[in-house]
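S.K.: For the protein sequence lines, the chains are A and B, in the order given.
So for the first sequence, my numbering puts the first residue at 1; every next one is plus one.
So for the second sequence, my numbering puts the first residue at 1001; every next one is plus one.
For glycine and all other residues, C-beta sits at the position ideal for the given N, C-alpha and C.
Treat the numbers as computed from the prediction; the structure is a model and nothing was measured.
Got a structure for you, questions after.
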Amino acid sequence: GQQLNQSPQSMFIQEGEDVSMNCTSSSIFNTWLWYKQDPGEGPVLLIALYKAGELTSNGRLTAQFGITRKDSFLNISASIPSDVGIYFCAQPTNFGNEKLTFGTGTRLTIIP
Amino acid sequence: ETGVTQSPTHLIKTRGQQVTLRCSSQSGHNTVSWYQQALGQGPQFIFQYYREEENGRGNFPPRFSGLQFPNYSSELNVNALELDDSALYLCASSAGLAQETQYFGPGTRLLVL
């Protein structure tokens, strides 16, 4: 079945630093989604990517759809305390769009 | 416009019991998906309901069942609870089957003792 592996598993950074994380898939898909989950909340969609090579920004967040169509990257510039949380990549099924498959997650912690 | 709401927020049950979790979809949304999120993992798809019919199911046993009502709210029922059913159960609604427009609720945290 479809597997999404994220790295790193966790990150400890200082406020103001830039963050990079990635996600790799065992299969080729046409869509990459990036979600953030705050403690005690459900995931919230940050960025959606639909085309190989696509680079999309949402404020300080930038995500790229890898040209191999098997990977994606999320960068956060000048991190702030509210960036703390778990970041998930996700993909819809290739047929029917009836479910999302989520990655293993990257937990971001900001050290004061 | 109200977002996705779930009830209860927390629940404690014992092995073998049955549980019902509830979800109210966002206004105008006719599709509800349920996910199980074990501690430290990403959400796992359980099933989806579209216009009151099941539309896709993940790798979960039949003791996980669901319903969608005419107002598009939904229930997740789990029979014969097992310890491994302890997890955060997330409901997500969307206006149709375009998955990138799913909106998640805060979840129900279930603990099975």
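Is the beta carbon of B:L1011 closer than 8 Å to that of B:L1110?
M.R.: yes
S.K.: Who are the near neighbours of A:D71 in its chain, counting only those whose CB is closer than 8 Å to its CB and skipping five residues on each side?
M.R.: N22, C23, T24 and S25
S.K.: Any idea what DSSP makes of B:T1108, helix, strand or coil?
M.R.: strand
S.K.: Measuring only between beta-carbons, confirm whether A:F29 sits less than 8 Å from chain B.
M.R.: With 8 Å as the cut-off, A:F29 does not count as an interface residue toward chain B.
S.K.: Could you check which residue in A:E41, A:G103 and A:I110 has the C-alpha nearest to that of A:Q9?
M.R.: A:G103
S.K.: In the DSSP assignment, the beta strand (DSSP E) including A:N58 goes from what residue to what residue?
M.R.: L55 to N58
S.K.: Take the Cβ of A:K36 as the centre, count every other Cβ of all protein chains shown within 10 Å, and call the residue buried at 16 or more, exposed below.
M.R.: buried
S.K.: Quick one: grab the DSSP three-state call for B:L1083.
M.R.: helix
S.K.: Taking the straight line between their C-alpha atoms, what separation do you get for B:R1051 and A:I13?
M.R.: 45 Å
S.K.: With DSSP collapsed to three states, give me the class of A:P43.
M.R.: coil
S.K.: What does A:F88 touch in chain B if you count any residue whose Cβ is under 7 Å from its own?
M.R.: G1042
S.K.: Rounding to the nearest angstrom, what Cα-Cα distance links B:G1105 and B:F1045 in this structure?
M.R.: 14 Å
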